[in-house]
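Report on the following structure.
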Amino acid sequence: MNAIVKVENVGMAFETTKGSFVALKDVNLQIRTGEVVSLIGHSGCGKSTLLNLIAGLTLPTSGVMLCNGREIAGPGPERAVVFQNHSLLPWLNCFENVYLAVERVFSARDGKEALRARTNAALEMVHMGHAAQKLPHEISGGMKQRIGIARAFAMEPKILLMDEPFGALDALTRAALQDELIGVMAKTGATVVMVTHDVDEAVLLSDRVVMMTNGPAATIGEILDVKLTKPRDRLQLAHDPHFAECRAAILEFLYQKQMKKAA
Amino acid sequence: MTTATLSTALDQGLEHVEPAAVTADAVKSGTTSVTPPVASPAPRGPSLGERLGGFMRRVIPPFLGLALVLGVWALVAMKSADFPGPGKTFDAAVVLFSDPFYSNGPNDQGIGWNILASLKRVAVGFGVAALVGIPLGFIIGRFAFMNAMLEPIISLLRPVSPLAWLPIGLMVFKAADPASTWTIFICSIWPMILNTAQGVQRVPQDYLNVARVLNLSEFRIITKILFPSVLPYMLTGIRLSIGTAWLVIVAAEMLTGGVGIGFWVWDEWNNLKVEHILIAIFVIGIVGLLLEYLLLLIARRFSYGAN
Chain A
1 MNAIVKVENV GMAFETTKGS FVALKDVNLQ IRTGEVVSLI GHSGCGKSTL LNLIAGLTLP
61 TSGVMLCNGR EIAGPGPERA VVFQNHSLLP WLNCFENVYL AVERVFSARD GKEALRARTN
121 AALEMVHMGH AAQKLPHEIS GGMKQRIGIA RAFAMEPKIL LMDEPFGALD ALTRAALQDE
181 LIGVMAKTGA TVVMVTHDVD EAVLLSDRVV MMTNGPAATI GEILDVKLTK PRDRLQLAHD
241 PHFAECRAAI LEFLYQKQMK KAA
Chain B
1001 MTTATLSTAL DQGLEHVEPA AVTADAVKSG TTSVTPPVAS PAPRGPSLGE RLGGFMRRVI
1061 PPFLGLALVL GVWALVAMKS ADFPGPGKTF DAAVVLFSDP FYSNGPNDQG IGWNILASLK
1121 RVAVGFGVAA LVGIPLGFII GRFAFMNAML EPIISLLRPV SPLAWLPIGL MVFKAADPAS
1181 TWTIFICSIW PMILNTAQGV QRVPQDYLNV ARVLNLSEFR IITKILFPSV LPYMLTGIRL
1241 SIGTAWLVIV AAEMLTGGVG IGFWVWDEWN NLKVEHILIA IFVIGIVGLL LEYLLLLIAR
1301 RFSYGAN
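Listed in order, the protein sequences are those of chains A and B.
By this note's numbering, the letter at position 79 of the first sequence is numbered 79, and the numbering carries on one by one without gaps.
Positions in the second sequence are counted from 1; adding 1000 to them yields this note's numbering.
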């Protein structure tokens, strides 16, 4: 098995004013090269925490995190992150936002022209070449997230981490961006870990769906293999029995086994 | 703040003249053509009357305010023997501004020279304050230790009137001119330090996370993330300090003498030319307004839209 990321017995506790809060406990997960994994669970179950741990933005309080056989000691460009709120720098235009990332990763071996070409290619890939010279506040929320995705893919990361990438978008824009992402993932064969709380999104995009139990001290409850051929088409999937099965399994986990008590 | 409301009111007032004229044309051509009048009620916006009404609502109140001030002023002047009315002041202003740049020795110079002398002191004191205050603000904002160390000192010194520092300036520099510049330095440095520090502390965590994921160099972090993100805060600090600096320079010059609008006011008081004092009040107000408006324009350039 060709695992790029290994999470072994990882626990995460946060120090708060009321004492220590255990967010994650005994998490074990392996992510293989080229696969798309979704993390799903109720809010507060620590799925974003797990993603931040893989990104290296936070470090675990116990256990081991490995990327390519080396311990994850901090963030780095080989683990690109698409943030939920796009996090584009508002004073740079779309081209410059992507170029900043491209320059950081490839300036050692590419010249200026090649770097510009890479940036333009990334923008074209998400169909945003026309907005290259626009500032982030001049484009819509969906377009901003496209730029965020372009920035992450342009870095040619070993693994791409997405924290609810479409969570802040309306349903139609979200569907359009999911289709876009399916296309980009097919083209690049990227390894992706994605946090979501949208059941359809998880089944549509992933090879495996990792379902997490409720926090505190959340861990992995079940892992579901999605055996649907790629590339997938959302209209055909609507009538696919396996799609319905996967959906039902996740819903069952979320609303029966891990029913969130009404607050 | 008054600058902004006043100028936007004027802007909008001016913008409204043109559309009103256009609709007037449209109405005329509509009546001369043969099209039935029933067919086109939809595309027309607010009517000419409404537009004119809007324009009037924006323009009339400020004019009314001005007229009120002039009226009260004229009334007071009528009752008092010493106090010059608007007419007399206006005549004096015409004489004064017909030759603003004469120079009869150091104690008798045109009002233009006096204003420029004050502006020069403000520019120097303010510039040095920016050179010291902005880097200091960055340091305080970035390092909690420095913040904890310097915050009590700043809190203690900030409420002190800058004029209290004037004797220290006179002692150190042994001259009046650098001493008044020194008070400007003191009064402008606090807003710059505090606003810059606040800006640095408020750099959104998201942007810093981007920097961490990209693993940007410290130089890149400063030029591409910290500086642009702090700039609006810095400009607010600059705007606040130039406002105070312009307030303080008048008082400082009254105490130190020499060429400058503040001392000019005092000099005219000694000459009992009250109309010149009134003119000076207007001039100081207008220059202060212009300074603030200029900085507002710069700040708007760097506000990056809604984000």
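All C-beta atoms in this analysis are idealised placements derived from N, C-alpha and C, irrespective of residue type, glycine included.
This structure is a prediction, so every number in the text was calculated from the model and none was measured.
Check: Should Val1095 (chain B) and Phe1185 (chain B) be called a contact, given that it needs their Cβ atoms to be closer than 8 Å?
Finding: No Cβ-Cβ contact shorter than 8 Å links Val1095 (chain B) with Phe1185 (chain B).
Notebook entry, point to check: Is Lys187 (chain A) near the ligand MN, judged by its Cβ being under 7 Å from some heavy atom?
Noted result: The ligand MN is not part of this structure, which contains no ligands at all.
Margin query: I want to verify the contact list: residues of chain B whose CB lies under 9 Å from the CB of Phe14 (chain A), in sequence order.
Written below: Within 9 Å Cβ-Cβ: nothing; Phe14 (chain A) doesn't reach chain B, min ~15 Å.
Notebook entry, point to check: Tell me which same chain residues have a C-beta within less than 7 Å of the C-beta of Glu103 (chain A), skipping the five on either side of it?
Noted result: Leu115.
Margin query: What does DSSP give as the partner residue(s) for Thr16 (chain A) in the beta ladder?
Written below: A:Gly19.
Notebook entry, point to check: Measuring CA to CA, which of A:Gly111, A:Gly74, A:Phe253, A:Ile54 is closest to Met162 (chain A)?
Noted result: Minimum Cα distance to Met162 (chain A) is reached at A:Ile54.
Item checked: Test item: CB-CB of Pro1162 (chain B) and Cys1187 (chain B) under 8 Å -> Yes, these two residues count as a Cβ contact at 8 Å.
Notebook entry, point to check: Quick one, which of A:Pro231, A:Phe21, A:Met143 has its alpha-carbon nearest Met185 (chain A)'s?
Noted result: Out of A:Pro231, A:Phe21, A:Met143, A:Pro231 has the C-alpha closest to the C-alpha of Met185 (chain A).
Next item on the list: Specify the secondary structure class of Met1056 (chain B) as computed by DSSP and reduced to three states.
Entry: Annotated three-state conformation of Met1056 (chain B) is helix, per DSSP.
Checklist line | Any chain B beta carbon closer than 8 Å to Arg104 (chain A) | finding: Proximity of Arg104 (chain A) to chain B, defined by a Cβ-Cβ separation below 8 Å, is satisfied.
Next item on the list: Can you give me, in chain order, the residues of the stretch 1206-1226 of chain B that have a beta carbon less than 8 Å from any beta carbon in chain A?
Entry: Correct list: Asp1206, Tyr1207, Asn1209, Val1210, Arg1212, Val1213, Leu1214, Asn1215, Leu1216, Arg1220, Lys1224, Ile1225.
Checklist line | Opposing strand residues paired with Ile223 (chain A) [DSSP bridges] | finding: In DSSP, Ile223 (chain A) forms a bridge with A:Val210.
Next item on the list: State buried or exposed for Gln256 (chain A), treating a residue as buried only when at least 16 other CB atoms are found within 10 Å of its CB.
Entry: With fewer than 16 other beta carbons inside 10 angstroms of its own, Gln256 (chain A) counts as exposed.
Checklist line | Gly141 (chain A), DSSP secondary structure in three states | finding: Residue state, collapsed to three classes: helix.
Notebook entry, point to check: Beta-carbon of Leu57 (chain A) versus every beta-carbon of chain B: anything under 8 Å?
Noted result: Yes - at least one Cβ of chain B is within 8 Å of the one on Leu57 (chain A).
Checklist line | Distance, Glu1050 (chain B) Cα to Arg1058 (chain B) Cα | finding: Cα-Cα distance, rounded: 13 Å.
Notebook entry, point to check: What is the DSSP secondary structure of Thr196 (chain A), reduced to helix, strand or coil?
Noted result: Residue state, collapsed to three classes: strand.
Checklist line | Per-residue contacts from Asn85 (chain A) into chain B (C-beta, under 8 Å) | finding: Neighbours of Asn85 (chain A) on chain B, chain order: Asp1206.
Checklist line | Rounded C-alpha distance that separates Val1124 (chain B) from Thr1181 (chain B) | finding: A direct Cα-Cα distance of roughly 7 Å separates Val1124 (chain B) from Thr1181 (chain B).
Note to self: For a contact defined as C-beta to C-beta under 7 Å, what are the partners of Pro1084 (chain B) on chain A?
What the structure shows: Going along chain A, no residue has its Cβ under 7 Å from Pro1084 (chain B), so there is no contact; the nearest lies around 52 Å.
Check: Under 8 Å Cβ-Cβ, which residues of chain B neighbour Ala150 (chain A)?
Finding: Here the premise fails: no neighbours, minimum Cβ distance about 14 Å.
Check: For Pro60 (chain A), does the count of other Cβ atoms within 10 angstroms reach 16, so buried, or fall short, so exposed?
Finding: Burial call: buried.
Check: Do we get a CB-CB distance below 8 Å when we pair Gly76 (chain A) with the residues of chain B?
Finding: Using a Cβ-Cβ cut-off of 8 Å, Gly76 (chain A) counts as an interface residue toward chain B, since at least one Cβ of chain B sits closer than that to its own.
Checklist line | Rounded separation between Asp110 (chain A) and Met143 (chain A) - CA only | finding: Going from the Cα of Asp110 (chain A) to the Cα of Met143 (chain A) covers about 28 Å.
Notebook entry, point to check: Beta-carbon separation of Pro75 (chain A) and Val1160 (chain B) under 8 Å?
Noted result: Cβ distance not < 8 Å, so Pro75 (chain A) and Val1160 (chain B) don't count as in contact.
Check: Straight-line CA distance for Asn214 (chain A) to Leu123 (chain A)?
Finding: For the pair Asn214 (chain A) and Leu123 (chain A), the Cα-to-Cα distance works out to about 38 Å.
Item checked: Buried or exposed (CB count within 10 angstroms, at least 16 for buried), Asn52 (chain A) -> Here Asn52 (chain A) is buried. Its C-beta has 16 or more other C-beta atoms within 10 Å.
Next item on the list: Show which residues of chain A have a CB atom less than 7 Å away from the CB atom of Pro1228 (chain B).
Entry: Neighbours of Pro1228 (chain B) in chain A, taken as residues whose beta carbon is under 7 Å from its own, are Trp91 in chain order.
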